[in-house]
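Those sequence lines, one after another, are chains A and B.
Read left to right, the first sequence gives residues 1 to 242 (UniProt numbering).
Read left to right, the second sequence gives residues 1 to 242 (UniProt numbering).
See below for the structure under consideration.
There are 2 protein chains.
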Amino acid sequence: MKVKEVADLVGISVRTLHHYDEIGLLIPEDTTEAGYRVYSEKNLEDLQQILFFKELGFNLKKIKEIMDSPIFDRQEALRMQHQMLLEKRKRLNKMIATIEKTIKHSQGEISMSSEEKFEGFDFNQNPYEKEAREKWGDKAVDQANEKTKNMTTFEQERFNDIFRRLADIRHLSPESEKAQAMIQEWYQYLNKIGNYSLEAFKGLGEMYVNDERFTKNIDQFGEGLAQFMCAAMSVYTDRNKK
Amino acid sequence: MKVKEVADLVGISVRTLHHYDEIGLLIPEDTTEAGYRVYSEKNLEDLQQILFFKELGFNLKKIKEIMDSPIFDRQEALRMQHQMLLEKRKRLNKMIATIEKTIKHSQGEISMSSEEKFEGFDFNQNPYEKEAREKWGDKAVDQANEKTKNMTTFEQERFNDIFRRLADIRHLSPESEKAQAMIQEWYQYLNKIGNYSLEAFKGLGEMYVNDERFTKNIDQFGEGLAQFMCAAMSVYTDRNKK
DNA sequence: ATTGACTCTCACGTTACGGGATACTTTATA
DNA sequence: TATAAAGTATCCCGTAACGTGAGAGTCAAT
């Protein structure tokens with residue numbers, strides 16, 4: 001698809017697509033020899049993600065950061081975007097209630113406090129939207145990059161050790177006791193350096209196979225380890241949640 | 001109330017209030033002798049209006065224009081804002097449906113067309129939001145029309161007379177003395193039947209070329225008259241303000 | 001009398017595009 | 001097949017709505 005087709009499809013301007021290309025947020029998968037941008041299906045999916053994030057108030061830099069991150073998990077992104085949209089609808093509902101009140105008020109039918117007049121507007125009082133924006137940015141970027149980057153050699157050793165031992169058992173079933181025990185160790189280790197919910201843990205596992213950067217790193221310890229860990233982490237999560 | 005109190009109450013920054021003051025959108029009703037801004041209840045009501053408009057995507061210039069307009073009617077503003085918020089919620093609902101579909105889709109449960117992936121995003125396909133923004137500008141127009149419709153024949157004659165005389169000189173420069181004198185007459189005439197600020201007057205001129213209903217009517221007196229009047233009214237405003 | 005929280009006015013910086021200029025490419029139409 | 005019309009490219013300046021200090025005055029409480 002060429003620029004205008006995409007622009008028309010999603011209702012944004014051609015200039016916007018140019019801009020996203022410029023800043024490296026959405027680079028067309030291909031270009032014709034004349035230099036025309038050609039967008040793929042994957043590009044469209046990314047664009048959809050971008051627009052969701054935008055709707056939720058993230059700025060483009062943050063969006064790029066998130067989507068570039070090695071631990072970016074589309075599934076989890078979608079889930080959290082879903083949550084945030086629901087949150088946003090709540091806010092909108094409040095605003096609608098507020099305006100309805102205001103109309104009655106201005107007709108002298110009811111009275112209203114100053115606070116009431118601004119219900120629904122307050123972005124500060126809305127923990128989710130603001131916090132989530134930071135949580136997400138930090139979670140994605142910091143936890144992946146910073147923390148592993150700042151690991152001491154000691155920690156690094158421990159880290160490698162776990163991977164080696166997991167590699168050793170990677171041909172067992174992910175449901176097996178041994179596998180689950182090792183995965184638990186992995187989970188606990190992770191929670192020493194970060195703070196992972198079970199859901200996030202599962203998401204992380206999915207990334208091991210979905211993101212080739214991860215897959216490559218992990219499979220250095222043994223072919224198929226990423227796949228194995230992903231499965232085991234999923235099982236672990238499902239068994240332990242609730 | 002002082003800046004920070006207001007800012008905290010409604011969840012915006014102090015800088016924003018400063019900004020609104022700077023551009024004349026929300027001027028505090030009073031200031032202490034130390035120069036501190038003091039906001040009144042009326043100020044708060046206006047601020048609420050401003051925020052509603054903002055939520056609906058109007059830019060500050062337009063908001064100022066609307067609220068400065070002599071025909072601004074808070075009641076009606078509230079009603080239309082209410083409508084637009086409902087419209088917005090509809091869009092949000094679509095987006096939520098879309099994301100839910102996407103989640104299922106990405107889990108391979110259902111399939112999705114490209115269009116479906118962007119439902120709720122498309123601002124073009126959403127007539128209300130975009131159009132309404134213009135319509136609302138047009139409200140100023142329509143009400144003006146209403147008024148001219150109700151003119152007596154006597155007034156109508158006076159009205160036509162001005163237009164004919166303007167048409168006669170429409171090939172002069174809008175800055176010329178004659179043009180400016182005629183435009184002044186026009187301005188004074190308008191202020192007999194309505195109440196136009198200079199800014200509103202300028203805005204009216206812009207509408208003469210932007211709104212074809214106006215353009216058509218006016219150009220009946222002479223091709224290009226609308227354009228000429230718009231230019232002359234702009235000059236007149238700029239020269240006479242402050 | 002001093003501290004800390006507020007406030008003021010500059011004034012420059014930033015984000016996410018808009019919009020025009022100019023030139024090339026592709027598609028539609030005669 | 002020529003020629004117009006529509007689409008696309010890059011370059012680059014503009015703008016809207018604040019953010020973010022800097023430097024200085026003000027106010028309420030200890």
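Cβ coordinates follow ideal geometry from the N, Cα and C atoms, glycine included.
Everything numeric in this text was worked out from a predicted model, so none of it was measured.
Query raised in the report: Within 9 Å (strictly less), CB to CB, does N93(A) reach chain B?
Result: Position 93 of the first sequence, counted from the start, is the residue given in the question as residue 93(A). Output row for N93(A): interface = yes.
Query - 8 Å Cβ shell around F163(B) - same chain, five flanking residues per side excluded - result: Position 163 of the second sequence, counted from the first residue, corresponds to residue 163(B). Hits under 8 Å: I218, F221 and L225.
Report task. Report the neighbours of R89(B) on chain A: residues whose CB is nearer than 8 Å to its CB, in chain order. Result -> Counting from 1 along the second sequence, the entry for residue 89(B) is found at position 89. Within chain A, the residues near R89(B) are R89, L92, N93 and I96.
Query raised in the report: In whole angstroms, what is the alpha-carbon distance linking Q85(A) and I96(B)?
Result: As a working note, residue 85(A) is residue 85 in the first sequence. As a working note, residue 96(B) is residue 96 in the second sequence. It should be noted that the sequence gives Leu, not Gln, for residue 85(A). C-alpha separation (whole angstroms): 7 Å.
Query - E206(A) vs Q75(A) beta-carbon contact at 9 Å - result: Here residue 206(A) corresponds to residue number 206 of the first sequence, with the count starting at 1. Here residue 75(A) corresponds to residue number 75 of the first sequence, with the count starting at 1. Q75(A) sits close to E206(A), with the two beta carbons spaced by under 9 Å.
Query raised in the report: Are there 16 or more other CB atoms within 10 angstroms of the CB of I23(A), so buried, or fewer, so exposed?
Result: The residue labelled residue 23(A) in the question sits at position 23 within the first sequence. With fewer than 16 Cβ atoms within 10 Å of its Cβ, I23(A) is classed as exposed.
Query raised in the report: In angstroms, rounded to a whole number, what distance separates the CA positions of L60(B) and S40(A)?
Result: The residue labelled residue 60(B) in the question sits at position 60 within the second sequence. The residue labelled residue 40(A) in the question sits at position 40 within the first sequence. Annotation: L60(B) to S40(A) spans about 38 Å, alpha carbon to alpha carbon.
Requested in this report: Verify whether the separation of the beta carbon atoms of V10(A) and F121(B) is less than 9 Å.
Outcome: The residue given as residue 10(A) occupies position 10 in the first sequence. The residue given as residue 121(B) occupies position 121 in the second sequence. Yes, they are a contact pair.
Query raised in the report: Tell me which same chain residues have a C-beta within less than 7 Å of the C-beta of K94(B), skipping the five on either side of it?
Result: Numbered from its first residue, the second sequence carries residue 94(B) at position 94. For K94(B), the CB contacts under 7 Å within the same chain, skipping 5 residues up- and downstream, are E119 and G120 in chain order.
Requested in this report: Determine the DSSP secondary structure at R37(A), reduced to helix, strand or coil.
Outcome: Mapped onto the first sequence, residue 37(A) falls at position 37. Correct three-state label for R37(A): strand.
**Report entry** Beta-carbon separation (whole angstroms), I99(A) vs Q81(B), contact threshold 8 Å
**Finding:** Counting from 1 along the first sequence, the entry for residue 99(A) is found at position 99. Counting from 1 along the second sequence, the entry for residue 81(B) is found at position 81. About 6 Å; that satisfies the 8 Å criterion.
**Report entry** Contacts of I99(A) in chain B (Cβ-Cβ under 7 Å)
**Finding:** Reading the first sequence from its first residue, position 99 is the one you call residue 99(A). Neighbours of I99(A) on chain B, chain order: F52, L78, Q81, H82 and L85.
Query - Buried or exposed by the 16-neighbour rule on C-beta atoms within 10 Å, applied to I183(A) - result: Within the first sequence, the letter at position 183 stands for residue 183(A). Buried, because 16 or more other Cβ atoms sit within 10 Å of the Cβ of I183(A).
Query raised in the report: Excluding five sequence neighbours on each side, which residues of the same chain lie with their C-beta closer than 6 Å to the C-beta of Q227(A)?
Result: Numbered from 1 along the first sequence, position 227 holds the residue referred to as residue 227(A). Annotation for Q227(A): V209 place their beta carbon closer than 6 Å to its own, counting only its chain and skipping 5 residues before and after.
Query - First through last residue of the alpha helix (DSSP H) which encompasses K90(B) - result: As a working note, residue 90(B) is residue 90 in the second sequence. K90(B) -> alpha helix (DSSP H) spans R74 to S106.
Query raised in the report: Expressed to the nearest angstrom, what Euclidean distance is found between the alpha-carbon atoms of R133(B) and F58(B)?
Result: Start at 1 with the first residue of the second sequence, and residue 133(B) comes out as number 133. Start at 1 with the first residue of the second sequence, and residue 58(B) comes out as number 58. Reliability fails at R133(B), whose pLDDT of 45 lies under 50, so the model's placement of it is uncertain and the value that follows must be treated cautiously. In this structure, the straight-line span from the alpha carbon of R133(B) to that of F58(B) is close to 7 Å.
Report task. Taking L78(B) as the reference, give the member of M229(A), K117(A), E199(A) and H18(A) with the closest Cα. Result -> The residue given as residue 78(B) occupies position 78 in the second sequence. Closest option to L78(B), Cα to Cα, is K117(A).
Requested in this report: List the residues of chain B that E109(A) touches, going by C-beta distances under 8 Å, in chain order.
Outcome: For the purposes of this step, residue 109(A) is taken as the residue at position 109 of the first sequence. Residues of chain B passing the Cβ test: none, with the nearest at roughly 13 Å.
**Report entry** Within chain B, the residues that S114(A) reaches when beta carbons sit closer than 7 Å
**Finding:** As a first step, residue 114(A) is located in the first sequence; it is residue number 114 there, counting from the start. The answer, in chain order, is L9 and L44.
Query raised in the report: When you compare each of H171(B), T237(B), R170(B) and A179(B) to G203(B) by their alpha carbons, which one comes out closest?
Result: For this step, residue 203(B) is matched to residue 203 along the second sequence. Measuring from the Cα of G203(B), the nearest candidate turns out to be T237(B).
Query - Residue environment, A181(A), which counts as buried when at least 16 other CB atoms sit within 10 Å - result: Taking the first sequence and counting its residues from 1, one reaches residue 181(A) at position 181. Under this definition A181(A) is an exposed residue.
Requested in this report: Kindly say whether S106(B), judged by its beta-carbon, lies nearer than 9 Å to any beta-carbon of chain A.
Outcome: Residue mapping note: residue 106(B) aligns to position 106 of the second sequence, counting from 1. Contacts with chain A at 9 Å (Cβ-Cβ) include S106(B).
**Report entry** Proximity to I12(A) [Cα-Cα], best of K42(A), S234(A) and I50(A)
**Finding:** Taking the first residue of the first sequence as position 1, residue 12(A) is located at position 12. It is I50(A) whose Cα lies nearest to the Cα of I12(A).
Query raised in the report: What are the start and end residues of the alpha helix (DSSP H) that includes R15(B)?
Result: The residue you call residue 15(B) lines up with position 15 of the second sequence. Its alpha helix (DSSP H) spans residues V14 to E22.
Query raised in the report: Quick one: what's got a C-beta closer than 7 Å to R170(B)'s C-beta in the same chain, skipping five residues either side?
Result: Taking the second sequence and counting its residues from 1, the one referred to as residue 170(B) is at position 170. For R170(B), same chain residues with a beta-carbon under 7 Å away, outside a window of 5 residues either side, are G222, G224, L225 and F228 in chain order.
Query raised in the report: When DSSP labels each residue in this structure, what does K61(B) get in the three-state scheme?
Result: In the second sequence, counting from the first residue as 1, residue 61(B) sits at position 61. In the structure shown, K61(B) adopts helical secondary structure according to DSSP, grouped into three states.
Query raised in the report: With a cut-off of 9 Å, does the C-beta of R15(B) fall near any C-beta of chain A?
Result: Within the second sequence, residue 15(B) is the residue found at index 15, counting from 1. Taking Cβ atoms only, chain A never reaches closer than 9 Å to R15(B), which makes this a no.
Query raised in the report: Does the beta-carbon of I110(B) have 16 or more other beta-carbons within 10 angstroms, so that it is buried, or is it exposed?
Result: Residue 110(B) sits at position 110 when you count from the first residue of the second sequence. The C-beta of I110(B) has fewer than 16 other C-beta atoms within 10 Å across all chains shown, which makes the residue exposed.
Report task. Consult DSSP for T31(A) and reduce its assignment to one of helix, strand or coil. Result -> If you number the first sequence from 1, residue 31(A) lands on position 31. For T31(A), the three-state secondary structure derived from DSSP is strand.
Query raised in the report: On the three-state DSSP scale, how would you describe K2(A)?
Result: Counting from 1 along the first sequence, the entry for residue 2(A) is found at position 2. Residue state for K2(A) is assigned as strand, using DSSP reduced to three classes.
Query raised in the report: In three-state DSSP terms, what is F221(A)?
Result: By 1-based counting over the first sequence, the position of residue 221(A) is 221. Note: F221(A) maps to coil in three-state DSSP.
Requested in this report: Determine, using beta carbons only, whether I103(A) comes closer than 9 Å to chain B.
Outcome: One-based indexing of the first sequence puts residue 103(A) at position 103. With a threshold of 9 Å between beta carbons, I103(A) makes contact with chain B.
Query raised in the report: Pick from D73(A), E185(A) and A231(A): whose alpha carbon is nearest that of E175(A)?
Result: By one-based count along the first sequence, residue 175(A) stands at place 175. The candidate whose alpha carbon is nearest that of E175(A) is A231(A).
Report task. Would you tell me roughly how many angstroms separate the C-alpha atoms of M67(B) and G108(B), rounded to the nearest one? Result -> By 1-based counting over the second sequence, the position of residue 67(B) is 67. By 1-based counting over the second sequence, the position of residue 108(B) is 108. In this model, M67(B) and G108(B) are separated by some 51 Å (Cα to Cα).
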